[in-house]
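Please read the structure below before turning to the comments.
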Amino acid sequence: MRSALVTGASGGIGAAIAAALHEEGFALTLVGRDHAKLDAVAMSIGGSAVHTIAGSLAEESFLDEVVAFHTDRHGALDLLVNNAGIAGNRAVADITAEFLDAQLAVNIRAVVLLTAKCQPLLREAVRQHGWAQIVNTASNAGKRGEATLSSYSATKAAVVGFTESLHDELATSGIKATAICPGLVDTAMADVYRDSIEASTMITPRDVAEVVRMTTRLSAACILPEVVLLRPTEWLQPEEVRSPG
Ligand SMILES: NC(=O)c1ccc[n+]([C@@H]2O[C@H](COP(=O)([O-])OP(=O)(O)OC[C@H]3O[C@@H](n4cnc5c(N)ncnc54)[C@H](OP(=O)(O)O)[C@@H]3O)[C@@H](O)[C@H]2O)c1
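Residue 201 in this note's numbering sits at position 198 of the sequence shown, with consecutive numbering throughout.
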């Protein structure tokens, strides 16, 4: 049985990714801060091959706990999904060290360190099954910086750069890397936009999960380095181009 480790699995995009991977037959380690929410996700997925571990990815000792937890149960890791993230809108003049450090710790430091610590597990999966995968949830904000999201955009651009580097360094050893860059997704993270944007016009968590599912179905010879998911009004056409006058 292949196994996957999904961070930020206690809700939103991560919970949808976990459900899709369970449907694909993966055994799962689900990681988040909130034990009750993680257990609710595990219950809704069902099955005995779903385990949860709660703690903060900002703590390096917790990253070691997560790797040991997965190692004890599976001994190899076919798919690492670095999905946990925190956002927050703030004008650049109002950014504090505390605000910035919190984003850096979860959005990029934990992604790099967990990926590093999972290398032996991923290599074991390559030995057993021929290949392994890392999927990083970046953001459309990492492809184009956004006003009031400057530090978040910077962390997500870092995830895009890190994923490109993983591809360059690991692809020939059988470990594929993919960055997913969604626009606005209908999760708790989108709550600040609900007054101005209809939920029905947002990307769904399931949309993102379907991309992850698809990457698991590609042949060993095929790598998807980056996927950008957009709403019709995002990225390609600024407002004044879409609605002249
Ligand atoms: N929603 C969007 O519009 C959007 C668009 C593009 C990219 N993204 C990215 O997609 C990913 C998932 O976000 P989402 O929209 O699903 O948001 P969400 O519903 O707020 O979920 C965020 C997840 O990250 C976990 N998390 C946050 N800080 C953590 C920490 N210190 N340690 C461990 N886990 C932590 C949360 O765990 P707890 O709930 O247990 O605290 C939760 O499971 C993020 O990387 C986000 O940046 C989101």
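All C-beta atoms in this analysis are idealised placements derived from N, C-alpha and C, irrespective of residue type, glycine included.
Quantities reported herein were computed from a predicted structural model and do not represent experimental measurements.
Taking DSSP as the reference, what is the three-state secondary structure of Leu83?
strand
Looking at C-alpha atoms only, which residue of Glu237, Lys146 and Gly177 is the closest neighbour of Cys225?
Gly177
So which of Glu62, Ala96, Asp210 and Val9 has the shortest CA-CA distance to Asp81?
Val9
Is the CB-CB distance between Thr190 and Gly17 below 7 Å?
Contact: no.
Any 3 or more C-beta pairs closer than 8 Å across the stretch 24-39 and the stretch 47-57
yes
Assign Pro185 to one of two classes, buried (16 or more other C-beta atoms within 10 Å of its C-beta) or exposed (fewer than that).
buried
Any idea if Ala144 is buried or exposed, counting beta-carbon neighbours within 10 angstroms, 16 or more meaning buried?
By the Cβ-count criterion, Ala144 is buried, with 16 or more other Cβ atoms from all chains shown falling within 10 Å of its own Cβ.
Examine ligand 1 and report whether any of its heavy atoms sits within less than 6 Å of the Cβ of Pro185.
Look at Pro185: its beta carbon is less than 6 Å from one of the heavy atoms in ligand 1.
Suppose contacts are defined by Cβ-Cβ distances below 7 Å. Is Ala12 in contact with Ala30 by that definition?
Cβ atoms of Ala12 and Ala30: not closer than 7 Å.
Pick from Ala160, Asp37 and Val188: whose alpha carbon is nearest that of Ile206?
Per the Cα distances, Val188.
Residue(s) in a DSSP beta bridge with Pro185:
As computed with DSSP, Pro185 is found in a beta bridge with Leu232.
Selected residue, minimal CA-CA separation from Ile20, among Lys120, Leu103 and Ile183
Of the candidates Lys120, Leu103 and Ile183, the one whose C-alpha sits nearest the C-alpha of Ile20 is Ile183.
Leaving out the 5 sequence neighbours to the left and right, which residues in its chain are closer than 6 Å to Ala90 when beta-carbon positions are compared?
Tyr155 and Met192
Cβ-based neighbour list, Ala160, same chain, cut-off 7 Å, excluding 5 preceding and 5 following:
Gly145
Under the three-state DSSP convention, the category Ile178 falls into
Strand at Ile178.
Relative to the C-alpha of Leu124, which candidate in Ala113, Asp75, Ala150 and Arg216 has its C-alpha closest?
Asp75
Answer yes or no: do Ala111 and Thr158 have a C-beta to C-beta separation smaller than 7 Å?
In the sequence under discussion, the amino acid at residue 111 is Ile, which differs from the Ala named in the question. The Cβ atoms of Ile111 and Thr158 lie closer than 7 Å to each other.
So is the beta-carbon of Ser59 under 6 Å away from any non-hydrogen atom of ligand 1?
yes
Report yes if the CB atom of Leu83 is closer than 7 Å to the CB atom of Ile137, and no otherwise.
Going by C-beta atoms, Leu83 is nearer than 7 Å to Ile137.
Considering only their Cβ atoms, is the gap separating Val109 from Ala87 smaller than 7 Å?
yes
When burial is assigned at 16 or more other CB atoms within 10 Å of the CB, is Pro235 buried or exposed?
exposed
Leaving out five residues before and five after Gln131 in sequence, what residues of the same chain have Cβ atoms less than 7 Å from its Cβ?
Ala79
Looking at ligand 1, does it come within less than 6 Å of Val109, judged from the CB to the closest heavy atom?
yes
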